[in-house]
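Peer 1:
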Amino acid sequence: MAYWLVKTEPADGGLLDFQAAGSASLVWDGVRNYQARNFLRAMDLKDEVLLYHASCAEIGVVAQLKVARKPYPDPLQFDPESPYFDASSNQCQPRWTAVDLALVRAFPKVALLTTLKRTPAFEGSSLTRKGSRLSVLPINKDQWRAVMTLAGG
DNA sequence: GCCAACGTTGGC
DNA sequence: GCCAACGTTGGC
90 MAYWLVKTEP ADGGLLDFQA AGSASLVWDG VRNYQARNFL RAMDLKDEVL LYHASCAEIG
150 VVAQLKVARK PYPDPLQFDP ESPYFDASSN QCQPRWTAVD LALVRAFPKV ALLTTLKRTP
210 AFEGSSLTRK GSRLSVLPIN KDQWRAVMTL AGG
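Counting in the working numbering, the first sequence runs from 90 upward without gaps.
Quick look at the structure:
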């Protein structure tokens, strides 16, 4: 079993979107970075996922998610109308990957980035490193526990 | 709005 | 294959 963290802006696949979906899952698509894609491809149904809000007033981890569907080809790469369309991808060997994620629970508190930066478990993590643009990343058990504590979960 | 970080692109 | 230019991410 592995732990992951996925980043988003609150208005685009944020906590409100998951709460609106209820027990239904949301498609986590549009990832167009090879390192992040490789992490997506490594996701499994048993894995645990943290939801992170970026570029907003309260930057940090807001909820726990689960993997509702194993990695599959991101449909948007084949959609010419989509900004995520990739003309150089093809059906036989799709370049980009999506998963479906569903809300497990919103945390009582936001585990703020400012706090995580002072948390030893996150020292050297690409989450807290300045300028990191990685939007899907693995989390170790210590980091998971630290988030649980800070989030009041 | 600014700007640092950094991935990607394209000329050579 | 190098590297400058460019675009995007994301904290502040």
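Glycine residues also receive a C-beta, built at the ideal position from the N, C-alpha and C atoms. No experiment lies behind these values; they were computed from the predicted model shown.
What whole-angstrom Cβ distance do alanine 152 and arginine 194 have, given they're in contact under 8 Å?
Peer 2: Taking the first sequence and counting its residues from 1, the one referred to as residue 152 is at position 63. Taking the first sequence and counting its residues from 1, the one referred to as residue 194 is at position 105. About 7 Å separates the two Cβ atoms, so the contact holds.
Peer 1: Using only alpha-carbon positions, find the residue among Pro197, Asp231, Arg222 that is nearest to leucine 205.
Peer 2: For the purposes of this step, residue 205 is taken as residue 116 along the first sequence, with counting starting at 1. When each option's Cα is compared against that of leucine 205, the closest is Asp231.
Peer 1: Which runs of the alpha helix (DSSP H), 4 residues or longer, sit entirely within the segment 136 to 194?
Peer 2: none
Peer 1: For leucine 129 versus valine 188, is the C-beta distance shorter than 8 Å?
Peer 2: Within the first sequence, numbered from 1, the residue matching residue 129 stands at position 40. Within the first sequence, numbered from 1, the residue matching residue 188 stands at position 99. It is a contact, given that the beta carbons lie within the stated cut-off.
Peer 1: Return the Cβ separation of valine 199 and valine 138 in integer angstroms, given the expectation that the two are a contact with Cβ distance under 8 Å.
Peer 2: For the purposes of this step, residue 199 is identified with residue 110 of the first sequence, where counting begins at 1. For the purposes of this step, residue 138 is identified with residue 49 of the first sequence, where counting begins at 1. With 8 Å as the limit, valine 199 and valine 138 do not qualify as a contact, their Cβ atoms being about 16 Å apart.
Peer 1: Applying the criterion that 16 or more other CB atoms from any shown protein chain within 10 Å of the CB defines a buried residue, is alanine 235 buried or exposed?
Peer 2: Start at 1 with the first residue of the first sequence, and residue 235 comes out as number 146. So alanine 235 ends up on the buried side.
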